[in-house]
Amino acid sequence: MRDDPSVIMLVERARDGDQRAWGQIVERYGPLVWSICRRYRLDRADIDEIGQTVWLLLVEQLGGLRVSAALPGWLATTTQRECLRVLRAARRYDLTGSPLESQMSSDDDDAMIEQEILAAELNAALRAAFADLPPRCRRLLSMLLSDPPFSYAKIAAVLSIPVGSIGPQRARCLDRLRRSPYLTRFLDRETEDNEAEDARSSDAGGGQRA
Amino acid sequence: MPEVGSVPESWDDEQLLAALREALRAERAVPPEFVEAGKSAYAWHNIDAELARLTYDSIGDPDRVPSMRSETASIRALTFTSAHLIIELEVSGESLLGQVIPAREGTIEIQTRDGAAATVPVDRLGWFPIHPIPASPFRLRYHAADGADVLTGWINL
């Protein structure tokens, strides 16, 4: 699930001095760091502080690196640890052990972190797939996704197409999105997981797949 | 919103559109300055100094013992350790006192995240005072007269 070759490449390029690769890492995983901090209900000043700490730690790790393949997991657990540190300092809340130990999170927290990692990976893949669509599809989907959404009449006017063709174009654009290599890569990993799962349930005689 | 971790290929158009909406929303929710600050962290890449890691922080230590001057009620004590030396810090009231072990003369540079830096001398016993205590996170870079160059992690007092 986490050994995304493009992430490994970005990390390697950033380590070798490519600042743009670093920028892409931050853009891609900024939402992950941000949303974990939000889950801990931290205020903006604390979140900014934690973000800085996490990215600086990652910069330092680039050289010696154990993180490349597992980057999302590393970022998530490092962010979580920093959030807990800030919360503990704020509450004068002494838990056993040193503040650098990461195991003081509860099972609920760990499940939340796992969920955030999955969501961040899927969201990043969806954004990459969306950015890769033809401009016409991006415009159409953006109008459909705007809040409130554009009416079909307005979309037809902006794109200079008949109202009747919006439905079919929408379907075509979504199909392109679905078949994007960015999502396929995500899908392949998911499928492998599912197949492994299926194999296990077949062994147990409980396979229910059509 | 489809369940996280489900298979995109099996999503119908509405599910896919909802997932895309969520993905774009998650990105928009992040303030641009937050991302820019993360990008600027790259300036710290390839700093040619030995890193000293935080190995002790009195916050979170129930058995805390003032590490340097036991007659003083310290508020916070921190220890940074690198391969070759230790930098200890102790906050007492308005003052921040540090010590480099083993003691060697040199300078301590106090770096803040906005790129500003101030320098204080380290005496031959390894002591260095920092006044006032920086309000924002800072890190210390120690240049010893004999060439040692050590950088601490970020400190937020």
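Protein chains in written order, with the working numbering: chain A, 2 to 211; chain B, 1011 to 1167.
Ideal placement from N, C-alpha and C gives every residue a C-beta, glycine not left out.
Chain B within 9 Å of S99(A), Cβ atoms only:
Note that S99(A) scores 43 on pLDDT, short of 50, meaning its location in the model is unreliable; the coordinates nonetheless yield the value given after this. Yes - at least one Cβ of chain B is within 9 Å of the one on S99(A).
Taking all protein chains shown into account, do 16 or more other C-beta atoms lie within 10 angstroms of the C-beta of Q1109(B), making it buried, or fewer, making it exposed?
buried
Would you please verify whether the beta carbon of Y1052(B) is less than 9 Å from any beta carbon of chain A?
Answer yes: the Cβ-Cβ gap between Y1052(B) and chain A drops below 9 Å somewhere.
What residue does the beta strand (DSSP E) around W1137(B) start on, and which one ends it?
W1137 to I1140
Could you tell me the distance, in whole angstroms, from the CA atom of S152(A) to the CA atom of I37(A)?
Looking at the two C-alpha atoms, the distance is approximately 35 Å.
For I1143(B), which beta-bridge partners are listed by DSSP?
None, per the DSSP bridge assignment.
Please name the residue, chosen from G52(A), L141(A), T79(A) and M113(A), that lies closest to A1047(B) on a Cα-to-Cα basis.
G52(A)
Classify N1056(B) as buried or exposed, calling it buried when 16 or more other Cβ atoms lie within 10 Å of its own Cβ.
By the neighbour-count rule (16 or more Cβ atoms within 10 Å), N1056(B) is not buried but exposed.
Does DSSP classify I162(A) as helix, strand or coil?
coil
Name the two residues that bound the continuous alpha helix (DSSP H) containing D108(A).
D108 to A132
Among Y183(A), V34(A), I26(A) and N124(A), the one whose alpha carbon lies nearest that of T78(A):
Of the residues Y183(A), V34(A), I26(A) and N124(A), the one whose Cα lies closest to the Cα of T78(A) is V34(A).
Starting from E1060(B), follow its DSSP beta bridges and name the residues at the other end.
V1160(B)
Curious, which full-length beta strand (DSSP E) runs of at least 3 residues does the stretch 1087–1156 of chain B contain?
Counting only runs of 3 or more, we get 1096–1102, 1105–1111, 1116–1122, 1127–1132, 1137–1140 and 1148–1154.
Can you confirm whether V1093(B), when its beta carbon is compared against all beta carbons of chain A, has any partner nearer than 9 Å?
Checking the sequence shown, residue 1093(B) turns out to be Ala, not Val. Closer than 9 Å: no.
Consult DSSP for I1165(B) and reduce its assignment to one of helix, strand or coil.
strand
Reduced DSSP secondary structure (H/G/I, E/B, other) of D1067(B):
strand
Endpoints, alpha helix (DSSP H) assigned at V1040(B):
Per DSSP, V1040(B) belongs to no alpha helix (DSSP H) and is neither H nor E.
Would you say D1023(B) faces chain A, with C-beta separation under 9 Å as the test?
yes
On a Cα-Cα basis, can you pick out the residue from R139(A), A157(A), P182(A) and A126(A) that is closest to R226(A)?
Not covered by the structure: residue 226(A). The range shown for chain A is 2 to 211.
Can you list, in chain order, the stretches of the alpha helix (DSSP H) that have 4 or more residues and sit fully within the stretch 2–74 of chain A?
6–16, 20–40 and 45–65
Min CB distance G1157(B) to chain A below 9 Å
So no, G1157(B) is outside the interface.
Range of the contiguous alpha helix (DSSP H) that encloses D176(A):
I167 to R179
Look up D1023(B) in the DSSP assignment and say whether it is helix, strand or coil.
helix
Does the beta-carbon of D1067(B) have 16 or more other beta-carbons within 10 angstroms, so that it is buried, or is it exposed?
buried
Alpha carbon to alpha carbon, how far is L123(A) from T192(A)? Give it in angstroms, no decimals.
Residue confidence for T192(A) is low, a pLDDT of 49 falling below 50, so the modelled location carries little weight; the figure read from the coordinates is stated next. In a straight line, the C-alpha of T192(A) is about 14 Å away from that of L123(A).
Quick one: list the residues of chain B neighbouring F131(A), beta-carbon separation under 9 Å, in chain order.
L1030, A1033 and L1034
Is the distance from the Cβ of P32(A) to the Cβ of A121(A) below 9 Å?
yes
Counting Cβ pairs, one atom from each stretch, are 3 or more of them under 8 Å apart for the stretch 1142–1159 of chain B and the stretch 1116–1123 of chain B?
yes
What's the gap between the Cα of L184(A) and the Cα of D47(A)?
One C-alpha to the other measures close to 34 Å.
Helix, strand or coil, according to DSSP, for I156(A) in the structure here?
I156(A) falls in the helix class under three-state DSSP.
Pick helix, strand or coil for P136(A), following the three-state DSSP scheme.
If DSSP states are grouped into helix, strand and coil, P136(A) belongs with the helices.
At a Cβ threshold of 9 Å, is E61(A) touching chain B?
Residue-level contact by beta carbon holds for E61(A) and chain B, with a gap shorter than 9 Å.
Anticipated Cβ contact below 8 Å, A90(A) with I1143(B), distance rounded:
Wrong, their Cβ atoms sit about 16 Å apart, outside the cutoff.
Checking 9 Å against the spacing of the C-beta atoms, do R1149(B) and G1136(B) come in under that value?
no
Quick check on R39(A) - is its C-beta less than 9 Å from some C-beta in chain B?
R39(A) belongs to the set of residues whose beta carbon lies under 9 Å from a beta carbon in chain B.
Verify the CB distance criterion: does P1144(B) have a CB-CB separation below 9 Å to chain A?
no
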